[in-house]
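Remarks on the structure that follows.
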Amino acid sequence: MEYPVYEVSQINAYLKDKFDSDPFLSGICIRGELSNYKIYPSGHHYFTLKDSEGALRAVLFRNSAMRLRFQPQNGMKVLAVGRITVYPRDGGYQLYCESMMVDGVGDLHVAYEQLKERLQAEGLFALEHKKPLPPYPHRIAVITSGAGAAIHDILRVLRKRYPLSKVLLLPVRVQGEEAPREIVGAIRYANRWQLGDVILTGRGGGSMEDLWAFNDERVARAIYESEIPVVSAVGHEPDVTIADFVADVRAATPSNGAELIAPDQTELRQRLGAYEKRLSAAMERRLKLSRQQLDALSSRRVLQSPMHYIEDRRLMLDRVQDRLILAAQHHLERKRRNFSALAAALDAMSPLKVLARGYSVVKQQGHVVKSMEQLAVGQQVQLCLSDGSALARIEELKKEDTSHGTVQNL
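Start counting the sequence shown at 0; every next residue gets the next number (numbering that gives the first Met the number 0).
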C-alpha cells in the first residue's frame, strides 16, 4: 500500500488552515495563570498560560500590549482573549493574545494598585514634599474641562467666597486617551509662565474609566514636579485617584477644592471687624493713659512755676556744697593725724636720738664701721657726734671674746 508523501511545511500549513477555519478557536477567552512572562526588546510579550493540568504558549504583540492598563506578572491569574493557531515554522500551536484582563478583579483596579505602590515607594506621596497653599491667592489657575459642570461649581464658589482672586481657566479634556497629555501640558504651561499662585485640577464624578486620566503616571509626575501648589479635586467623596495622593492638597469635590483654596470673605469681614474693634479699644486706652499722664504733669509745681524748680535746685546745691566742705575737712583732719603718727614713729627711729644720748658713730671713708675687721692700728677714722664730728687715729685694737668674757689685744 502506497502513502502520499508530504513536506513538513505542507503539514504545518494544513494544520494552520484547520485551526484558522475553526470558529471555536478564532475568538476564545482562556483562563489561566501567567508563567515565564518575558518582554522582548521588540515590545512583544511571550508567556505561558497554565492550570493544574496543562500549559499553553501565548504571545501578545506590541500593538496589543500597549493597550494594557496593568503590568502582567508571573503568578497572576488572567483572562486572555485571542485566537489559537499554528506557527508554521515550529509546528507548534499557541494563543495569539489580543487583550488581557485580570481574573476576578478589573484590570483598571490592578493597574491602579500597581502604580500606587510604585509611586509610593519612590516617595511621590511623602508629606515632606507637600507645599502649603497661599492664604490669600491673587491668581488661581484651574485645569479642567471648559464645558463640564465642575468649572461652573468652582467659579460659583470662588465668586461667593473670595471675589478678589483672578481665575485663569486652562481648558483640557478630562476623559479619553488624549486627556492625560493635555492635563500634563497645562500643568507645565502654568508653571512655566507662573500663571497662578495655586493650581486646581480635577473633574466631576464618574466611573473608574471616566476618572482614569487622573490615575495616569504622567499626570502624577507632572503634579509632583509642579513648583506651584496643586489641589486635586476629582470626582465625589469616595473617589480617590493617584493625583489625589501626589497633590499637595486633596479635595473631595471640585467645589470643595475651591473652598480649600479661597478664604471666606464673610469670615474675613468678621475678622477685620474684630481687629478694628480691638484697634479702636487699644487706641482709646492709649489716649486715656496719655491724658492721665498729661494731667499729672500739668499739675506739677515745676510746670506751674518754673522758678520753683530752680529754687529747689539752689537749696539742694547749697546742701551738697556744705556736705562736700565737711567731707573735705574730715579728710584733711584724718590725713594730719596719720602724718603726725608717722612722723613720731620716724623720729623715734632716728639715729640722731641715739647720738643725743651720748653715743657716737665711727665712719671710715664715709662708711659706718660695724666690725673690728674694718680697722687697723694707725688708721684715721671720723667720729660723728650729736653736735658735730672729729677725726681720730687708732692706737690700739682689742677684740672681746663674748663666749668666755675675756679681751684679747690685737
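The beta carbon of each residue, even a glycine, is placed where N, CA and C say it ideally should be.
query	result
Sequence-distant residues of the same chain with beta carbon closer than 7 Å to E258, five excluded per side	V156, R160
Exposure of H366, with buried meaning 16 or more beta-carbon neighbours within 10 Å	exposed
Runs of beta strand (DSSP E) wholly within the region 31 to 103 (minimum 3 residues, chain order)	44 to 49, 54 to 59, 76 to 86, 91 to 101
Coarse secondary structure for L390, derived from DSSP in three states	strand
One or two residues paired with R249 in a DSSP bridge	S231
CB contact flag (G201, V248, <8 Å)	no
Three-state secondary structure (DSSP) of P3	coil
Stretch pair the region 99 to 118 + the region 66 to 75: three plus CB contacts closer than 8 Å	yes
CA-to-CA distance, S339 to A327, given in whole angstroms	19 Å
L345 in three-state terms, based on DSSP	helix
The region 82 to 95 / the region 2 to 16 touching (three or more Cβ pairs under 8 Å)	yes
Minimum C-alpha distance to R217 - residue among Q193, R180, M100, V380	R180
For L132, the first and last residue of its enclosing beta strand (DSSP E)	L132 -> no beta strand (DSSP E), and no H or E assigned at all.
Other residues of its chain near C96: CB distance less than 6 Å, five sequence neighbours each side excluded	A57, L59, A79, G81
Cβ separation of R172 and A178, assumed to be a contact under 8 Å, to the nearest whole Å	4 Å
Rounded separation between R138 and E266 - CA only	20 Å
Spatially closest choice to L163 from Q320, Y135, L169, by CA coordinates	Y135
DSSP-derived helix/strand/coil call for R172	coil
The region 119 to 127 contacting the region 225 to 232, beta-carbon criterion three pairs below 8 Å	no
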